[in-house]
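Below: one structure, written as structure tokens.
Chains as they are written, first to last, in my numbering: chain A, 2 to 434; chain B, 1207 to 1551.
What follows is the structure, given as structure tokens:
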């Protein structure tokens, strides 16, 4: 017994010593980030980004490094999962480490990173943003200040089976929901239309559900937050949007829709089992493969998303480049961002990776349009696209939206009640914004 | 005082005592030891202190730091320019009390129920299947080594990978539905998701119980079984009255380890079904969500609650069923004491 007491005492002593160290080691947060605004210093920087499978990014960086021997850029690769990337960037920011220089941010992270003073404000007058699609530029701003420069964009389009519409004698893709359902009924009446489901947009409980919900709501003229950042999900427009999703899920989507993620949806479309689908541009090349992996190669086309009384509103994806507030050599970092978001680099990137550019003129380039026939449609989608809610606590807000919309769309809760709950949650989460 | 001298003087008693304790008791006469023992203890403490120091650093400090963190909250309000007001604030037990209020109380009790449900179901199934596996692995037959190796394969696969494998199996057009000939939406948020997690978890971890029980089985002397056979015990009787009691220590330790593991399950449901899914959300996932959204104090509070829950379960398990993790040491001590008593008489 006495032996254990000795041991216990020793442990306590050690613990006491350690906690004392821990207490003393705490950093005091001071508002030093404001002084980090100046873009000075030249020298090596790091470029922190998710995995690049095309190999094109390294090629572009090699191009920069060859011209700037004194200002080399080194890639720091982060995990595949966006959430893991965000976590690592936040950890780096909280330790105020200069290991991360240029950050490749998802468009929805800008507000959170900017509000926490983890980003360097960028001088608008030193970069030409007028060539970029205005909708993409707004995703890099927080409270009218520029924090990030859009490098790639993304927006949903309506993929549709042209062969089936032709068979049913329909010459143009639907512009409204009503037209879409009418077209679907016509196709279903055909012998070839048997076993084909009408429509699919993602309704599984992930970030994709937030995107589906925002698109459905914007198509009715509603929005999740108003211009001043107050939640407005108790409006009739929002209710109509969610009711559209719930109705489509019940009557028009595949039974397993709730288990299909982005890739699952792609496989379903490529299997020839879908007439209309809301999907990202990346599917185009894959669905057009003639090696047998896709049953719909050459049989589909894309159009802007339909809406309630006219064209719908797509949601913006994509990535922006920002400079960490704790980085060194910010002048070099800013030059590199200008290089990577410039027209030549974006053009090369589009050719190599098919990632949507943010420079408007590339969408009208005949050579590119030949390779990517969907570019005009995509340009229109991005031009009219709306961002997801711009909030500092984005993680909480999207989780709340997913929870309530999932309950409403998959029949767990009446739409009214789900939206009333959501209004309450969002009010608490956006308080003080 | 005189007892040990007596022990020395009566070697017939010593023969009952295990080798370890005999060495301990039969070293030297008492008088010299009394002074020596204190020195010995000091020496022991000195020799152990590096270990204790390391333990304090890698176990003690994180626990205490977590507790401390759970009493603070990070600034999350915005100033006029839209910047987050920085700085940590001491909030006492607020992080704990807010867990039990409003929506968050529902989420907590849902996660608590899920965690407990998964623990009960998976550990029960794993125990039954694991013991079965051990009995099969124990048998002498051709190809035994192949069976042993293949039973261990699931345990060797990293959980995240097995989560992905099962995700393919359970997707709407996956193998599970093809075999059933009926479309179950396993990966949607609902009861089938719970089943999917249980199946994948049991598949993966039964071999662990099997392995530990096999070790226990191999310690059982063949003669015990032969004696029972001679006495006319049936196979079932031999299993219930010979095998089970003899593998009990190994089995209980295996079950305890599994319980502690399942109580903090995270990766399998997260990969297989996803995060923020009511039907499979566990307590660790709640803590993870809070930490992801920069509320480290609240995350630490969840983690501390889970820690307390796990400690309680482990304590009850050890108390009620007498799972003996440090059995050998205690046994040795008790035997030594018994020997001393016997010698006194």
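The beta carbon of each residue, even a glycine, is placed where N, CA and C say it ideally should be. If you're wondering where the values come from, they're calculated on a predicted model, not measured in any experiment.
**Asked** Can a CB atom of chain B be found closer than 7 Å to the CB of residue 208 of chain A?
**Response** Start at 1 with the first residue of the first chain, and residue 208 of chain A comes out as number 207. No, residue 208 of chain A does not count as interfacial toward chain B.
**Asked** In chain order, what residues of the same chain have a beta carbon less than 6 Å from the beta carbon of residue 335 of chain A, not counting five sequence neighbours either side?
**Response** Position 334 of the first chain holds residue 335 of chain A. Cβ within range, chain order: 40.
**Prompt:** Where do the ends of the alpha helix (DSSP H) carrying residue 1363 of chain B lie?
**Reply:** The residue you call residue 1363 of chain B lines up with position 157 of the second chain. No alpha helix (DSSP H) contains residue 1363 of chain B, which DSSP labels as neither H nor E.
**Request:** Below 7 Å CB to CB, which residues in the same chain sit around residue 139 of chain A once its five sequence neighbours on both sides are set aside?
**Result:** Within the first chain, residue 139 of chain A is the residue found at index 138, counting from 1. Cβ within range, chain order: 388.
**Prompt:** How would you label residue 1521 of chain B, buried or exposed, when you count the other beta carbons within 10 angstroms and need 16 or more for buried?
**Reply:** In the second chain, counting from the first residue as 1, residue 1521 of chain B sits at position 315. Answer is exposed; the Cβ neighbour count stays below 16.
**Contact set for residue 77 of chain A: own chain, Cβ-Cβ below 8 Å, skip 5 residues either direction** = Within the first chain, residue 77 of chain A is the residue found at index 76, counting from 1. Closer than 8 Å at Cβ, skipping near neighbours: 47, 48, 49, 50, 100 and 101.
**Prompt:** Hey, how far is the Cα of residue 73 of chain A from the Cα of residue 44 of chain A?
**Reply:** Against the first chain, residue 73 of chain A aligns to sequence position 72. Against the first chain, residue 44 of chain A aligns to sequence position 43. Using only the alpha carbons, I get a separation of about 7 Å.
**Prompt:** How is residue 231 of chain A classed by DSSP in three states: helix, strand or coil?
**Reply:** Counted from its first residue, the first chain places residue 231 of chain A at position 230. It is coil, neither helix nor strand.
**Request:** Please confirm if residue 1498 of chain B has its CB atom under 7 Å from at least one CB of chain A.
**Result:** Position 292 of the second chain, counted from the first residue, corresponds to residue 1498 of chain B. Yes, contact with chain A.
**Prompt:** Listed in chain order, which residues of the region 120-149 of chain A have Cβ atoms closer than 8 Å to some Cβ of chain B?
**Reply:** For the region 120-149 of chain A, the set of positions with a beta-carbon nearer than 8 Å to some beta-carbon of chain B reads 143 and 144 in chain order.
**Request:** Note down, in chain order, every chain C residue with its Cβ under 7 Å from the Cβ of residue 348 of chain A.
**Result:** Looking for chain C here will not work: the only protein chains present are A and B.
**Item:** chain A contact for residue 1524 of chain B (CB, 7 Å cutoff)
**Value:** Walking along the second chain from the start, residue 1524 of chain B turns up at place 318. Not closer than 7 Å to any Cβ of chain A, the Cβ of residue 1524 of chain B fails to qualify, so no.
**Item:** Distance between residue 1451 of chain B and residue 1431 of chain B (C-alpha atoms, nearest Å)
**Value:** As a working note, residue 1431 of chain B is residue 225 in the second chain. As a working note, residue 1451 of chain B is residue 245 in the second chain. One C-alpha to the other measures close to 13 Å.
**Prompt:** Which two residues bound the contiguous alpha helix (DSSP H) that contains residue 47 of chain A?
**Reply:** Counting from one through the first chain, the residue named residue 47 of chain A turns up at place 46. Not the alpha helix (DSSP H): residue 47 of chain A falls in the beta strand (DSSP E), residues 46-50.
**Item:** chain B residues whose Cβ lies nearer than 7 Å to that of residue 403 of chain A
**Value:** On the first chain, position 402 is the one that residue 403 of chain A refers to. One finds 1482 in chain B with Cβ atoms closer than 7 Å to the Cβ of residue 403 of chain A, taken in chain order.
**Message:** Quick check: the Cα distance between residue 412 of chain A and residue 247 of chain A, rounded to an integer number of angstroms?
**Reply:** Translated into the one-based positions of the first chain, residue 412 of chain A becomes position 411. Translated into the one-based positions of the first chain, residue 247 of chain A becomes position 246. Cα-Cα distance, rounded: 8 Å.
**Message:** Restricting to runs no shorter than 3 residues, where is the beta strand (DSSP E) found entirely within the region 1270-1338 of chain B?
**Reply:** You should have 1278-1280 and 1294-1296.
**Prompt:** Going along the chain, which unbroken runs of the alpha helix (DSSP H) with 4 or more residues stay wholly within the region 206-263 of chain A?
**Reply:** 208-220 and 237-252
**Prompt:** Going by other Cβ atoms of all chains shown within 10 Å of its Cβ, with 16 needed for buried, is residue 93 of chain A buried or exposed?
**Reply:** Start at 1 with the first residue of the first chain, and residue 93 of chain A comes out as number 92. Buried, by the Cβ-count rule.
**Asked** So what's residue 1 of chain A in DSSP terms, helix, strand or just coil?
**Response** Past the boundaries of the shown model lies residue 1 of chain A; chain A is included only from 2 to 434, so the question cannot be answered.
**Prompt:** For residue 87 of chain A, does the count of other Cβ atoms within 10 angstroms reach 16, so buried, or fall short, so exposed?
**Reply:** Locating residue 87 of chain A in the first chain gives position 86, counting from the first residue. Buried is the call here.
**Message:** For residue 320 of chain A, list the residues DSSP reports as bridge partners.
**Reply:** To locate residue 320 of chain A, count along the first chain from 1; it is residue 319. Beta-bridge pairing links residue 320 of chain A to A:107 and A:153.
**Message:** Does chain B have any CB closer than 7 Å to the CB of residue 49 of chain A?
**Reply:** The residue you call residue 49 of chain A lines up with position 48 of the first chain. No, residue 49 of chain A does not count as interfacial toward chain B.
**Request:** If I'm right that residue 1517 of chain B touches residue 1275 of chain B with Cβ under 8 Å, what's the distance once you round it to whole angstroms?
**Result:** Stepping through the second chain from its first residue, residue 1517 of chain B is reached at position 311. Stepping through the second chain from its first residue, residue 1275 of chain B is reached at position 69. With 8 Å as the limit, residue 1517 of chain B and residue 1275 of chain B do not qualify as a contact, their Cβ atoms being about 18 Å apart.
**Request:** Kindly list, in the order they appear in chain B, the residues whose Cβ is closer than 8 Å to that of residue 342 of chain A.
**Result:** On the first chain, residue 342 of chain A is found 341 positions in, with the first residue counted as 1. Going along chain B, no residue has its Cβ under 8 Å from residue 342 of chain A, so there is no contact; the nearest lies around 24 Å.
**Item:** Per-residue contacts from residue 1287 of chain B into chain A (C-beta, under 8 Å)
**Value:** By one-based count along the second chain, residue 1287 of chain B stands at place 81. Under the 8 Å cutoff, chain A gives 144.
**Item:** Backbone CA spacing between residue 1498 of chain B and residue 327 of chain A [nearest angstrom]
**Value:** On the second chain, residue 1498 of chain B is found 292 positions in, with the first residue counted as 1. On the first chain, residue 327 of chain A is found 326 positions in, with the first residue counted as 1. Cα-Cα distance, rounded: 21 Å.
**Request:** Work out the CA separation of residue 1250 of chain B and residue 1234 of chain B for me, nearest whole Å.
**Result:** Start at 1 with the first residue of the second chain, and residue 1234 of chain B comes out as number 28. Start at 1 with the first residue of the second chain, and residue 1250 of chain B comes out as number 44. Unreliable positioning characterises residue 1234 of chain B in this predicted model, as indicated by a pLDDT of 45, which lies under 50. The coordinate reading is nonetheless provided below. Whole-angstrom Cα-Cα distance: 19 Å.
**Item:** residue 1351 of chain B, buried or exposed, once every other Cβ within 10 Å from all chains shown has been counted against 16
**Value:** Translated into positions along the second chain, residue 1351 of chain B becomes position 145. It counts as exposed.
**Prompt:** At least one CB of chain A closer than 7 Å to the CB of residue 1378 of chain B: is that the case?
**Reply:** For the purposes of this step, residue 1378 of chain B is identified with residue 172 of the second chain, where counting begins at 1. Residue 1378 of chain B counts as touching chain A.
**Request:** Would you mind sorting residue 1287 of chain B into buried or exposed? The rule is 16 or more other CB atoms within 10 Å of its CB.
**Result:** Here residue 1287 of chain B is taken as the residue at index 81 of the second chain, counted from 1. It counts as exposed.
**Request:** Return helix, strand or coil for residue 296 of chain A, following the three-state DSSP convention.
**Result:** Taking the first residue of the first chain as position 1, residue 296 of chain A is located at position 295. Residue state, collapsed to three classes: coil.
**Asked** In terms of residue numbering, what span does the beta strand (DSSP E) encompassing residue 304 of chain A cover?
**Response** Working through the first chain from its first residue, we reach residue 304 of chain A at position 303. Segment 301-304, the beta strand (DSSP E) holding residue 304 of chain A.
**Prompt:** Would residue 331 of chain A be called buried (16 or more neighbouring beta carbons within 10 Å of its own) or exposed?
**Reply:** Here residue 331 of chain A refers to the residue found at position 330 when the first chain is read from its first residue. Residue 331 of chain A should be labelled buried.
**Item:** Which of helix, strand or coil DSSP assigns to residue 418 of chain A
**Value:** For this step, residue 418 of chain A is matched to residue 417 along the first chain. Reduced to three states, the DSSP call for residue 418 of chain A is helix.
**Message:** Helix, strand or coil for residue 42 of chain A? Go by DSSP, reduced to three states.
**Reply:** Along the first chain, one-based indexing puts residue 42 of chain A at 41. Coil, per DSSP.
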